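*Asks:* First, the structure itself, so that you have it in front of you.
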Amino acid sequence: MVQGMTEAEAKRQQQRRAWDAEHLRSIGTKLTPVELARLDAYCFRIRTTRYSLLRTLVLEELAAYERENRVT
Numbered sequence: 001m002v003q004g005m006t007e008a009e010a011k012r013q014q015q016r017r018a019w020d021a022e023h024l025r026s027i028g029t030k031l032t033p034v035e036l037a038r039l040d041a042y043c044f045r046i047r048t049t050r051y052s053l054l055r056t057l058v059l060e061e062l063a064a065y066e067r068e069n070r071v072t
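Residues in the sequence shown are numbered consecutively from 1, following the numbering used here.
Encoded structure:
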């Protein structure tokens, strides 16, 4: 158990991690330090995280592809 966390909170965190492990997968990319700095500055300006931005962009591209190609 993490210091400062109740037993119930620790159990909920463990359950969330188990659910994530079963239902979610990660993607990523590599950037140069300069590219990463640009991305971080952009995310700060639009008040999002790089992970949220990546997810949004990927899902938007998939939706556009599926609309154009009538993929379901």
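Just so you know, even glycine gets a beta-carbon here, dropped at the ideal spot from N, CA and C.
Computed from a predicted model, the values in this text were never measured in an experiment.
Roughly how many angstroms separate the alpha carbons of Leu59 and Glu9, rounded to a whole number?
*Replies:* Counting from 1 along the sequence shown, the entry for residue 59 is found at position 59. Counting from 1 along the sequence shown, the entry for residue 9 is found at position 9. So the two alpha carbons sit approximately 31 Å from each other.
*Asks:* Please list, in chain order, all residues of the same chain as Glu68 whose beta carbon is under 6 Å from its beta carbon, the five residues on each side excluded.
*Replies:* As a working mapping, residue 68 is identified with position 68 in the sequence shown. Same-chain partners within the cutoff: there are none.
*Asks:* If you reduce the DSSP assignment to three classes, tell me which class Gln14 lands in.
*Replies:* Counting from one through the sequence shown, the residue named residue 14 turns up at place 14. Helix at Gln14.
*Asks:* If you draw a straight line from the alpha carbon of Thr48 to that of Leu39, how long is it in whole angstroms?
*Replies:* The residue you call residue 48 lines up with position 48 of the sequence shown. The residue you call residue 39 lines up with position 39 of the sequence shown. Taking the straight line joining both Cα atoms gives about 11 Å.
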